[in-house]
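Undergrad:
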Amino acid sequence: MTMHETTPERVLGDDIVIAEGVKKWFGDFQALKGVTTRVKEREVVVIIGPSGSGKSTFIRCLNRLEAHQEGTIIIDGTELTNDLKNIEKIRSEVGMVFQQFNLFPHLTVMDNITLAPIWVRKTPKAEAEATAMELLERVGIPEQADKYPGQLSGGQQQRVAIARSLAMKPRIMLFDEPTSALDPEMIKEVLDVMKELAASGMTMLVVTHEMGFAREVADRVLFFDYGTIVEEGTPEHFFTNPQHDRTKLFLSQIL
Amino acid sequence: MTVEVREHQKTPLWRNATFLKWVAQIGVLIALLALFALLGREALKNFNQSGISFGWKWLSDPTGVDIREGIDTSPDSGVRALAVGMVNTLRVGISGIVAATVLGTLIGIGRLSKNWIVNKLSTIYIESIRNVPLLLQIFFWQAMALVLPQLTTDDVGTYWFKASNKGFGLAWFRTDGGFWPWMLFVVAGIVVGRYVSRYRHRIQEETGRITYPGLSWFATVIVFAAVGWFAWPILRILAPVWHGIASFFRALPPIVYPIVGAIASIGFAVLWIRNFFESRRTPAGFGKLTDDDWFRVIFAGFSGIALAIVSFVIGGFVLTTVGGDKATVAELIGRGIANVFDWFGRSFEVTSGSPIVGSRPEVIVKGAGFVNFSEGGVVMSVPFFAIWTGVTLYTASFIAEIVRGGILAVPKGQTEAAMALGLRRSQYLRLVILPQAFRIILPPMGNQYLNLMKNTSLGIAVAFPEIVQVGTTILNQTGQSLPVVLVWMGFFVTLSLGISAIVNYYNRKMMIVER
Ligand SMILES: Nc1ncnc2c1ncn2[C@@H]1O[C@H](COP(=O)(O)OP(=O)(O)OP(=O)(O)O)[C@@H](O)[C@H]1O
Ligand SMILES: [Mg+2]
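One line per chain: the protein sequences are A and B, in this order. Using the numbering used here, the letters of the first sequence correspond one by one to residues 2 to 256. Using the numbering used here, the letters of the second sequence correspond one by one to residues 4 to 518.
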């Protein structure tokens, strides 16, 4: 077992996400061509790559929003198969934050956050609401609890979405371009929440174009292209010494 | 450098937008009223020329109309006959709306199903039903029922279910002595249960202990109903109270009713105006009212006063009752209310029987070789079956498409977010997708309900005695075409407005709060 230190308070643990040769087709178009990687507990992995390279498809396979057709995915010791029981267990352990927030517009912020704990975890309402208030304080918007999503700014909505995922007490968080739909002045407030989450020891897989975030927080960066991981390494490696031509081209375009 | 400001000129009236808008509003209103007055006068003139005098006496005149099914098969007056027709229309309409909603929703969801067979069956249902004229379908169901076996003397007996070309007999319940006193127990159970469930809900909120508020409400009602089943005879002591209330209404001067009507209509207008002003109040202070706003306020005020006057006019209207004496509408209302309480009092005096008893359809010989169902159970006649099945299946096919569209209109991200949180399919459909689909579905659904109600008038094609069929019979007997048509229109307009009001109420409740 390897224990490698990053920051003093963040000690990486065992492998919690294992992907082995994951392949996925949409009709006859192959979106994932054999993705293999392992993520350790408390590790922060940033995924970058050009549009259409399969980044979203990959992390959506990790909680079965898409079903992979070949290869193996094991989350916290449970293999993702057609077994509904496994899927249910994994979904309640893996939180996901989307580019478009996907808050439930007919429910208040409070009800958005307490919905899954009450119905999936069977938490008493009072307890779920107390937890929700703590989470809203953590993401910095306790005063918005009784509003509806439509009444909040984009940055506030995305922070509610993060709180909603955290309410299920997940062990892994997936982020699919969480700041891409936000105005520049709101990006920072969401990134700050994500940084705090990383520092607290959450295992995170983040698809993003925010290179500042990658440099500051990531333990490892994966570069995707044409459905495979073309290159991986520390942020340092990517910013100073990328190996592949495609990686160099991509980084020159976005930096 | 200074900017020259030309002296503020007064806008001429013909260029003043505000003034023109008011002229237009009032102009349209006056034109409309004038049109109605003109049409009414012409119609009256034509009537008088044709020798038929336009009037309402036929409402209280005895009719020879026999109605094939309904709450009264040989009504003693025109108004009673129409009432039977209205109840028949409502029976088909309301039960049809409920059935079409359930069926349509299931088929709409079925059409989205990944199960190939369910999916194709739903599609075939929708495409075949939607594309055949409703009238043909009604004839089809009538034909289907008429080829069922005839009733013969061999069939005499009691059944749980019996299908024949005279209709379908089904075991059912009927009320018996003690029903109304027992109902009082049930209503008390509902009221008490509400408090119980509220109390338990509060406990659950405070302590987190699961207290099943809904279930305890239900249990309370059951307990009250069970106790009432045996204890209802003691409510006999209430009988004098009901009779007392009846005497009170009989003693009340009839002028009270139009006064109440007037107060209600003016009060309603005042309330509306107050709410309207309230809705224009923003945190920043009172918003400025536009001309349109003022027009609405003035219109509401006028309507309130007009309705108040109308209630006095109607209240003073003298009618001839079936008994032959003359009475004003206000007096008739007073008598009606008193009669209801007296009847209630009498039903509390009963001490034998059981609130509800089972009742099974029975086939008996009625006269020489003529075999038919007796009163027992519930019998669905062939015309009722044809019109009910026709409008229900037809409307369900449209509702299915509306439901499908509504569900598809909810963004895919909603399902994904709910799945990512670990909610099961049945949970996220109920908690996330359907509530959002509902607000898209509701307005077109209201239209389908209106259509179904109006389509029941096709019952005339299979001789189902709904309001149009009964009205036609009366019209043929008396020649009073215009009054009968007015009654039809008034009935359907009232019904439609009622449905619209309910739909709008829910629509407003379901509205999603936006910035
Ligand atoms: N449901 C689908 N049906 C068919 N093709 C799909 C589907 N989802 C994704 N694809 C295809 O799979 C490929 C990978 O898509 P994916 O969304 O994973 O890319 P991405 O790397 O996330 O790109 P972006 O940066 O634009 O979000 C794309 O070519 C896309 O067109
Ligand atoms: Mg993507």
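All C-beta atoms, glycine included, are put in the ideal place defined by N, C-alpha and C.
Rounded to whole angstroms, what's the CA-CA distance from Gln439(B) to Thr161(B)? Just pull it up for me.
TA: 49 Å
Undergrad: Going by DSSP in three states, Thr323(B) sits in which element: helix, strand or coil?
TA: Here DSSP, grouped into helix, strand and coil, assigns Thr323(B) to strand.
Undergrad: Does DSSP put Met169(A) in a helix, a strand or coil?
TA: coil
Undergrad: To which residues of the same chain is Ala117(A) closer than 6 Å at the C-beta, ignoring the five residues directly before and after it?
TA: Only residues of its own chain outside the window of five on either side were considered, and among them Met169 have a CB closer than 6 Å to the CB of Ala117(A), listed in chain order.
Undergrad: Can you find a heavy atom of ligand 1 that lies under 6 Å from the Cβ of Lys189(A)?
TA: No - ligand 1 has no heavy atom lying nearer than 6 Å to the Cβ of Lys189(A).
Undergrad: Quick one: is Val31(B) near chain A, going by C-beta distance under 7 Å?
TA: By this cut-off, Val31(B) is not an interface position.
Undergrad: Under a CB-based cut-off of 7 Å, is Met111(A) close to chain B?
TA: Output row for Met111(A): interface = no.
Undergrad: Below 7 Å between beta carbons is the criterion; list the residues of the segment 420-442 of chain B that meet it against any residue of chain A, in chain order.
TA: Ala420, Met422, Ala423, Leu424, Gly425, Leu426, Gln430, Leu434, Val435, Pro438 and Gln439
Undergrad: Could you check if Arg518(B) is buried or exposed, using at least 16 other CB atoms within 10 Å of its CB as the buried criterion?
TA: Residue placement at Arg518(B) is poorly supported in this model, since its pLDDT is 49, which falls under 50; the coordinates still yield a value, given next. Classification for Arg518(B): exposed.
Undergrad: Quick one: which unbroken alpha helix (DSSP H) runs of 4-plus residues sit fully inside the segment 88-151 of chain B? Chain order, please.
TA: You should have 119-133 and 137-149.
Undergrad: Since Leu33(A) is in the beta strand (DSSP E), which residue starts that stretch and which ends it?
TA: Phe30 to Lys41
Undergrad: Buried or exposed: where does Phe138(A) fall if 16 or more other Cβ atoms within 10 Å of its Cβ makes it buried?
TA: Before going further, note that residue 138(A) is Glu rather than Phe in the sequence given. Answer is exposed; the Cβ neighbour count stays below 16.
Undergrad: Does Gln70(A) come within less than 7 Å of chain B when only Cβ atoms are used?
TA: no
Undergrad: Three or more C-beta pairs under 8 Å: does that hold for the segment 124-133 of chain B against the segment 421-440 of chain B?
TA: no
Undergrad: Grouping DSSP H, G and I as helix and E and B as strand, with all else coil, what is Ala166(B)?
TA: strand
Undergrad: At the 7 Å Cβ level, is Ser93(A) part of the contact set with chain B, yes or no?
TA: yes
Undergrad: Per DSSP, what are the beta-bridge partners of Ile74(A) in this structure?
TA: Ala20(A)
Undergrad: At the level of alpha carbons, what is the spacing between Asp15(A) and Val413(B)?
TA: 40 Å
Undergrad: Closer than 7 Å, Cβ to Cβ, to anything on chain A: give me those residues from the segment 362-380 of chain B, in chain order.
TA: none
Undergrad: Between Ser57(A) and ligand 2, is there a pair consisting of the residue's CB and a ligand heavy atom that are separated by less than 6 Å?
TA: yes
Undergrad: Assign Asp177(A) to one of three DSSP states: helix, strand, or coil.
TA: strand
Undergrad: Does the distance from the C-beta atom of His246(B) to that of Gly348(B) stay below 7 Å?
TA: Yes, Cβ-Cβ distance for His246(B) and Gly348(B) is below 7 Å.
Undergrad: Among Pro152(B), Ile70(B), Trp17(B) and Thr14(B), which has the Cα closest to the Cα of Val471(B)?
TA: Ile70(B)
Undergrad: The beta strand (DSSP E) that contains Ala330(B), what's its start and end?
TA: Lys329 to Thr331
Undergrad: With H, G and I counted as helix, E and B as strand and the rest as coil, what does DSSP make of Ser54(A)?
TA: coil
Undergrad: At a CB-CB cut-off below 9 Å, which residues of chain A make contact with Glu209(B)?
TA: Result: Ala127.
Undergrad: Spell out whether any CB of chain A is found under 7 Å from the CB atom of Gly416(B).
TA: Closer than 7 Å to some Cβ of chain A, the Cβ of Gly416(B) qualifies, so yes.
Undergrad: Within 7 Å of any Cβ in chain B, is that where the Cβ of Val47(A) sits?
TA: no
Undergrad: In angstroms, rounded to a whole number, what distance separates the CA positions of Ala164(A) and Lys90(A)?
TA: 20 Å
Undergrad: List the DSSP bridge partners of Val171(B).
TA: Reading the sequence as shown, one finds Phe at residue 171(B) and not Val. Phe171(B) is bridged to Ala166(B) and Met383(B).
Undergrad: Check whether the Cβ of Val194(A) lies closer than 7 Å to any Cβ atom in chain B.
TA: no
Undergrad: For the alpha helix (DSSP H) that contains Arg253(B), what are its first and last residues?
TA: Ala242 to Ala254
Undergrad: Which whole-angstrom value is the C-beta distance of Ile359(B) and Thr178(B), which I expect to be below 8 Å?
TA: Ile359(B) to Thr178(B), Cβ: 6 Å. Contact.
Undergrad: Can you grab the Cα-Cα spacing for the pair Asn168(B) / Gln153(B), in whole Å?
TA: 5 Å
Undergrad: List, in chain order, every chain B residue whose beta-carbon is nearer than 9 Å to that of Glu80(A).
TA: Residues of chain B passing the Cβ test: none, with the nearest at roughly 18 Å.
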